[in-house]
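First residue of the sequence shown: 18, per this note's numbering; consecutive thereafter.
C-beta atoms are modelled at their ideal positions from N, C-alpha and C, and glycine is treated no differently.
Okay, so here's the structure we're looking at.
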Amino acid sequence: MKIGITCYPTHGGSGVIASELALGLAERGHEVHIISYATPFRLRSFHQNVFVHEVQVATYPLFKFPPYALGLATKLVEVTEEYGLDIIHAHYAVPHAASAYLAKKILRSDKLKIVTTLHGTDITLVGADKSFYRVIKFNIEESDGVTAVSNYLKDRTISEFGIGREIRVIFNFVDTNRCNPCNEPCSRMHFAPNNEKILMHASNFRPVKRVSDVVRMFGKVKEKMPGKLLLVGEGPERLFVQQIVKELGLSKDVHFLGEQDYIEKLLGCADLFILPSEQESFGLVALEAQSCGVPVIATNIGGIPEAVADGKTGYLLPVGDVTAMAQKALELLSDGKLCHQFQKRARKRATQLFDSKLIIPEYESYYMEILSKS
Ligand code: GMT
C-alpha cells in the first residue's frame, strides 16, 4: 500500500506511535509518506520506504495566525497526486483529520481513504473546548475509518461526541526488542553512586501530568530510603517543578535530563517509573517502562488501567494521593523478590499484548478492510 501519515513531529506519544508505525509499515514493504511541519524526531535518519514531506505555511501581514490546516491540506493533495496514495492516516483529530478530509474533497476521490487515530488530548482536552467540538465530531463521523488507542478513549469519544459509527480500538505499542531490559543498561553508577534506588518520570511537563506529585512522592520515599529521581522531558511546568525540588531540599537527588529521543536508554537503569497524571488515554511511556522490565506507579484514571495491570505490573492509585504512591513505591523497592516478580510480569505483559509485531499488522489489516469497502 501507499500510505500517507500526518502527525505532530514533537516528543509526545502520538508522534512516537505515528513514527514507529511508519517504520513498521515500511519494513513490511509498504511505501510510507510522512506529512508534517517538521521531520518527526524518530525519522531523522534514512529509512528505506519512508519519505518525509514538510509543510510550509506562508505568512502574510494579513494572517494573524498562519493557516497550517490549509497548508497541510494542500500538501496532502500534492503528495496524494504525485505518489498515488491509497490512504491518509491522520494521527490526532485537530487539525490533521480536518486537513485530510479537505484534501479528499479537493481531489474528488472516492478511492482515497481517510483513517483517523484518536490519541486522547484531541478528545479529552481539545474536544472539551466547544470551539472545536463540531469540527472534531464531524471529522470522526466523516473519516472512512477511526481508531482509538484504548477502550477508555473509544467509550469517552462515543459518549462525549454522541458518535454512532464504529471506532476500532488498536492499542498503543512498543518495540519490545528495542525496549528490552537486556539492551545496553545505562550506567546506574553515574546517577546513583551509592547504589541508591532510581525513580524515573518522563512527560511533556504539562499541568495534566502533575510532575510536582512525582517530586512530592519522591520526597516521602527519601524519608525512608536513599534514592535518586530522574525527570525526563521539557514543558510549561518545568520551572515550577524545579522550585518545588528546591523547597523540599531535594536538589542533590533530582536530575532534570531534558528531552530524550530514546527513553529506553535511560529506563535501563530505573527501578521504578512514576506516572501520576490526572488525564491519560493510554500512557505510552508507562508501556515503554514495562517493556524495559520497570514496574510503574501511576494513577487509576483514563486508559492507564489498560496499560498497567494493578497489583501485577505496577500499582494504580487515586490522582494526587502522593502518600499512597510513596507507600507502594517503598513496598516494592524494599522487597527484592516482590520487585523481581513485578519486573518479570511487566516485561511479559508488554511482550504478549503490546509488541509492535502484533499491533502493526492490526493497523495493516484495518487499512485493507477500509480499502475494500466501496
Ligand atoms: O500526553 C500528552 O500530552 C501527549 C499526547 C500526544 O498527543 O502525544 O499523548 C496522548 O497520546 C498518547 C499516544 O497515544 C497516549 O499514550 C497519551 O496517554 C495521550 N495523552 C493524554 O491523554 C493526556
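Minimum C-alpha distance to residue i - residue among the options
{"i": "D351", "options": "A367, L301, M242", "result": "One detail in the question is off: residue 351 reads as Ser in this sequence, not Asp. Measuring from the Cα of S351, the nearest candidate turns out to be M242."}
{"i": "T330", "options": "G250, H357, R61", "result": "H357"}
{"i": "H70", "options": "L93, K81, A86, F63", "result": "L93"}
{"i": "G21", "options": "E240, L246, A114, V228", "result": "A114"}
{"i": "L256", "options": "G41, I52, V228, E348", "result": "V228"}
{"i": "E276", "options": "D103, H28, M18", "result": "H28"}
{"i": "R182", "options": "N189, D192, K171, F188", "result": "K171"}
{"i": "Y383", "options": "K374, V33, V132, K122", "result": "V132"}
{"i": "A110", "options": "F82, K154, P84", "result": "K154"}
{"i": "K130", "options": "D161, P198, G337, A35", "result": "D161"}
{"i": "Q296", "options": "G46, A145, D372, A343", "result": "A145"}
{"i": "N212", "options": "L246, A219, K226, D230", "result": "L246"}
{"i": "E251", "options": "S220, D278, N189, V152", "result": "S220"}
{"i": "G285", "options": "S298, A39, V311", "result": "V311"}
{"i": "G409", "options": "E254, Y380, F63, F371", "result": "Within the shown structure, residues of the chain are numbered from 18 to 391, placing residue 409 beyond reach of any answer."}
{"i": "T138", "options": "K269, Y169, A120", "result": "Y169"}
{"i": "G10", "options": "P57, M206, V186, R151", "result": "Nothing can be reported for residue 10, as the shown portion of the chain is limited to 18 through 391."}
{"i": "I140", "options": "S391, I123, A165, D127", "result": "A165"}
{"i": "E95", "options": "P112, K121, P253, A209", "result": "K121"}
{"i": "L267", "options": "I280, Y332, V232", "result": "V232"}
{"i": "L388", "options": "A367, S126, D327, I34", "result": "S126"}
{"i": "E44", "options": "L283, F82, P378, L119", "result": "P378"}
{"i": "Y279", "options": "K214, P224, V258, V249", "result": "V249"}
{"i": "M18", "options": "S373, T56, G41", "result": "G41"}
{"i": "Y380", "options": "I318, H272, I34, Y25", "result": "I34"}
{"i": "G337", "options": "F222, K226, L79", "result": "K226"}
{"i": "Y85", "options": "N156, K282, R61, A117", "result": "A117"}
{"i": "G320", "options": "T174, K81, A75", "result": "T174"}
Distance cut-off 6 Å: residue i Cβ against heavy atoms of the ligand GMT
{"i": "S4", "result": "Residue 4 lies beyond the residue range present for the chain, which begins at 18 and ends at 391; the question has no answer from this structure."}
{"i": "E177", "result": "no"}
{"i": "Y189", "result": "A quick correction: the sequence has Asn, not Tyr, at residue 189. Result yes, Cβ under 6 Å from the ligand GMT."}
{"i": "S298", "result": "yes"}
{"i": "S31", "result": "yes"}
{"i": "N221", "result": "yes"}
{"i": "G331", "result": "no"}
{"i": "L265", "result": "no"}
{"i": "V67", "result": "no"}
{"i": "G328", "result": "no"}
{"i": "L301", "result": "yes"}
{"i": "V49", "result": "no"}
{"i": "V393", "result": "There is simply no residue 393 to check, as the chain begins at 18 and stops at 391 in what is shown."}
{"i": "G285", "result": "no"}
{"i": "T23", "result": "no"}
{"i": "H136", "result": "yes"}
Which residues DSSP lists as bridging residue i, in chain order
{"i": "F68", "result": "H50"}
{"i": "H108", "result": "T134"}
{"i": "Y332", "result": "I314"}
{"i": "V163", "result": "T133"}
{"i": "S273", "result": "Inspection of the sequence shows that residue 273 is occupied by Phe rather than by Ser. Note: F273 sits in a beta bridge opposite L248."}
{"i": "H218", "result": "L248"}
{"i": "K19", "result": "E48"}
{"i": "V191", "result": "D372"}
{"i": "D327", "result": "G331"}
{"i": "R185", "result": "T164"}
{"i": "I34", "result": "DSSP output for I34 lists no bridge partner at all."}
{"i": "L289", "result": "L216"}
Distance cut-off 6 Å: residue i Cβ against heavy atoms of the ligand ADP
{"i": "L347", "result": "The ligand content of the structure shown is limited to the ligand GMT, which means the ligand ADP is not among them."}
Contact the region 356-374 vs the region 302-316: 3+ CB pairs below 8 Å: In short, these stretches touch, since the Cβ pair count reaches three.
The region 78-91 in contact with the region 61-69 per 3-pair CB rule at 8 Å: Inter-segment contact for the region 78-91 and the region 61-69 is absent: fewer than three beta-carbon pairs are separated by less than 8 Å.
Any 3 or more C-beta pairs closer than 8 Å across the region 38-58 and the region 93-103: Contact between the region 38-58 and the region 93-103 is established, with three or more Cβ pairs separated by less than 8 Å.
The region 257-269 / the region 224-239 touching (three or more Cβ pairs under 8 Å): Yes, they touch.
Contact between the region 333-352 and the region 286-302 (3+ Cβ pairs under 8 Å): Short answer: they touch.
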